[in-house]
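Engineer:
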Amino acid sequence: MKAWLLTIVKNCHLTALKQQQRRAFVPLPEEYDVQDGEAMIATTPGPESTSVRRDEKRTLDRLMSALPEEHREVLVLRELEEMDYREIAAVTSVPIGTVMSRLARARAALKALWLKEAQGEPHAVR
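Residue numbers for the sequence shown follow the working numbering, so the first one is 12 and each next one is one higher.
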């Protein structure tokens with residue numbers, strides 16, 4: 012019985028040793044290591060920057076909704092859909108000159124609203 016029990020203990024020990032060897036120890040690079048230092052720098056945004064971006068997106072959405080429909084339309088087509096002036100003119104059925112003037116007015120209005128928002132008092136997110 013003793014030999015059987017010691018054989019089981021020996022086999023368990025050898026199995027654990029093999030598993031430990033397979034999981035070879037690989038040290039992490041030092042933060043300022045020239046060769047592998049970049050591995051220590053996170054590539055994902057942190058929680059603070061994620062929260063700031065989310066707040067800015069909410070502010071932008073709210074300010075965009077405050078613009079007149081014709082300004083919002085050309086701004087979205089140009090900046091988000093990345094259409095050129097001719098494509099926007101075709102979609103909106105207005106001359107290119109009108110597209111350019113609406114876009115300039117929309118950008119100016121959005122900038123004014125953004126600056127007014129930035130100078131105002133902080134408010135709760137809705």
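Glycine included, every Cβ here is placed at the ideal spot set by N, Cα and C. Here the structure is a predicted model, which is why all the values come from computation and not from measurement.
1. Which term fits G82, buried or exposed, when burial requires 16 or more other beta carbons within 10 angstroms of its beta carbon?
2. Can you look up T97 in the DSSP assignment and give me helix, strand or coil?
3. Do T61 and V85 count as a contact pair if the criterion is CB distance below 8 Å?
4. State the DSSP-derived secondary structure class of T109, mapped to helix, strand or coil.
5. Would A123 and L78 be called neighbours here (beta carbons separated by less than 8 Å)?
6. Over the uninterrupted alpha helix (DSSP H) stretch that includes S76, give me the two end residues.
7. Looking at C-alpha atoms only, which residue of G108, G57, A27 is the closest neighbour of R97?
8. Do L114 and R140 count as a contact pair if the criterion is CB distance below 8 Å?
9. Figure out for me which residue from E93, T26, A120 has the closest Cα to the Cα of E80.
10. Please report the Cβ distance between T70 and E128, rounded to the nearest whole angstrom; I am assuming they are in contact, meaning their Cβ atoms lie under 8 Å.
Structural biologist: On the basis of the supplied data:
1. According to the sequence as given, residue 82 is His; it is not Gly. Per the 10 Å Cβ criterion, buried.
2. Residue 97 is actually Arg in this sequence, not Thr. R97 falls in the helix class under three-state DSSP.
3. no
4. helix
5. no
6. 58 to 77
7. G108
8. Residue 140 lies beyond the stretch modelled for the chain, which goes from 12 to 137, so this question has no answer here.
9. A120
10. 6 Å
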